[in-house]
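Asks:
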Amino acid sequence: MEVTKALQAGTLLGVPILVQNGENYGTLCALDDTSRSFTDEEMKLFSMMGKLLGYVIDVDIERYKTQTANVPLVPLGKGVVILPLTGSVNEKRAEAILERVLAYSTDESPDYMIIDVSGLIAREEAMTEKLLYVVNCLELVGTTAVIIGVRPDQALTLHASQMMSNEVIIKPSMTEALHSIGLKLDWR
Amino acid sequence: MSLYDGSYQELREAAVSVLHRLSDLLNINTVYIAERVKDNVKIAHVYNHERELVEAGYQTSYEASY
C-alpha cells in the first residue's frame, strides 16, 4: 500500500472481511510504523474480529433487504390489489413502500388497494401517520385504499390521529372489504 | 460492493469500539477497516492511537493497495 511504502520498516496485518455468500466486503487491517511480530493468539483474535465484523455487515444488509424489498403486492384481478403489511415500518421502509405502491398504482391503475395492517408490530404510533400519507397519495393517483385488520391498539392510534374523520375506508375483515367494493366471496 | 449501497449503521457502531479495543490489545498504533468499492479501496473506519498513519475516507485503487 502507498501508506505502507512510506512507513518503510512498518508492520501490516490484514484479514479479509467476508459477507453472506463469501463476497469480499474489504479488509480489517492493523498498521504500525515500527517493526513487530504477532503471536498466534493475537493473529487468531484478529482474524476472529474480521469474521465477526462480517456478521455485523450481514445484519446491515439483511435489514436493508427486509426494509426495502418487502412490499408484497398481491393482484386479485378486476382492478383490486392486496398489500399485506407485516413487521415494523420505519422511515426508510415507509419510503420504500410508498415508492413501490405508487409505482404499481401508476402502472397498473387498480381501482382499489386493500391494505391489511394486522401483521404490523403493535404500538408503532408513527406508522399511522405514514399509513395515512400512503392512503392520500394513492387517492391522488386514482386508487382507493381500503384498510383492514385494524387491531384494538391500532384503532386507538388511528382514532387519536383523527383518521376516522378522513375519508378513509376501514373494514373489519377481508370479506367485508371485498363486499364494500362490489366483490363477493362465494363459498361452495 | 454490489449487495448494498446504503449506510452500514450496525458496522459503524461496532467499528468504533472494536478498532479501539484491537489497538489496545495488540498494542498497535492503527487499526482500520478498508472497504472495497468496485476497483477502489476506501478507508471506511479507522482508529489511530498516537500517530495518525491512516486517514478515514482515504481512497486508492485496489491494485495499489498491496
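If you're matching them up, the sequences are chains A and B in order. The working numbering puts the first residue of the first sequence at 647, with every later residue one more than the last. The working numbering puts the first residue of the second sequence at 124, with every later residue one more than the last. Glycine residues also receive a C-beta, built at the ideal position from the N, C-alpha and C atoms.
1. Kindly indicate if chain A contains any beta-carbon less than 8 Å away from that of residue 175 of chain B.
2. Touch check for the region 729-737 of chain A and the region 151-166 of chain B: three-plus C-beta pairs under 8 Å?
3. Which word fits residue 819 of chain A, buried or exposed, when buried means at least 16 other C-beta atoms lie within 10 angstroms of its C-beta?
4. Does the beta-carbon of residue 158 of chain B have 16 or more other beta-carbons within 10 angstroms, so that it is buried, or is it exposed?
5. Kindly indicate the opening and closing residues of the alpha helix (DSSP H) around residue 172 of chain B.
6. For the pair the region 170-177 of chain B and the region 675-686 of chain A, tell me if three or more CB-CB distances fall below 8 Å.
7. Report the three-state DSSP secondary structure of residue 126 of chain B (helix, strand or coil).
8. At a Cβ cut of 9 Å, what residues of the region 670-686 of chain A count as close to chain B, listed as they run along the chain?
9. Once you ignore the five residues that flank residue 805 of chain A on each side, which residues in its own chain have a CB closer than 8 Å to its CB?
10. If the cut is a Cβ gap below 7 Å, which residues of chain A does residue 132 of chain B touch?
11. If I measure Cβ to Cβ from residue 796 of chain A and keep anything under 7 Å in the same chain, skipping five residues before and after, which residues do I get?
12. Would you list, in chain order, the members of the region 138-158 of chain B that have their beta-carbon closer than 9 Å to a beta-carbon of chain A?
13. Does the region 777-790 of chain A come close enough to the region 751-762 of chain A to have 3 or more Cβ pairs within less than 8 Å?
Replies: In terms of the structure at hand:
1. Judged by the 8 Å Cβ criterion, residue 175 of chain B is not in contact with chain A.
2. No, the region 729-737 of chain A does not touch the region 151-166 of chain B.
3. With fewer than 16 other Cβ atoms from the protein chains shown falling within 10 Å of its own Cβ, residue 819 of chain A counts as exposed.
4. Under a 10 Å Cβ-count criterion, residue 158 of chain B is classified as buried, with 16 or more other Cβ atoms of the shown protein chains found around its own Cβ.
5. Element bounds for residue 172 of chain B: n/a, residue is neither H nor E.
6. The region 170-177 of chain B, when compared against the region 675-686 of chain A, does touch it at the 8 Å Cβ threshold.
7. Because the pLDDT at residue 126 of chain B is just 47, under 50, the model does not fix this residue reliably, and the point stays unresolved.
8. For the region 670-686 of chain A, which is checked against every Cβ of chain B, the residues closer than 9 Å are 670, 671, 672, 673, 674, 675, 676, 677, 678, 679, 680, 682, 684.
9. When the five nearest sequence neighbours on each side are left out, no beta carbon in the same chain lies closer than 8 Å to the beta carbon of residue 805 of chain A.
10. Against chain A, a Cβ distance below 7 Å from residue 132 of chain B picks out 706.
11. Within the same chain, residue 796 of chain A has close Cβ partners 763, 804, 816.
12. Listed in sequence order: 138, 141, 142, 144, 145, 146, 148, 149, 150, 151, 152, 153, 154, 155, 156, 157, 158.
13. Judged by Cβ distances under 8 Å, the region 777-790 of chain A makes contact with the region 751-762 of chain A, as three or more pairs qualify.
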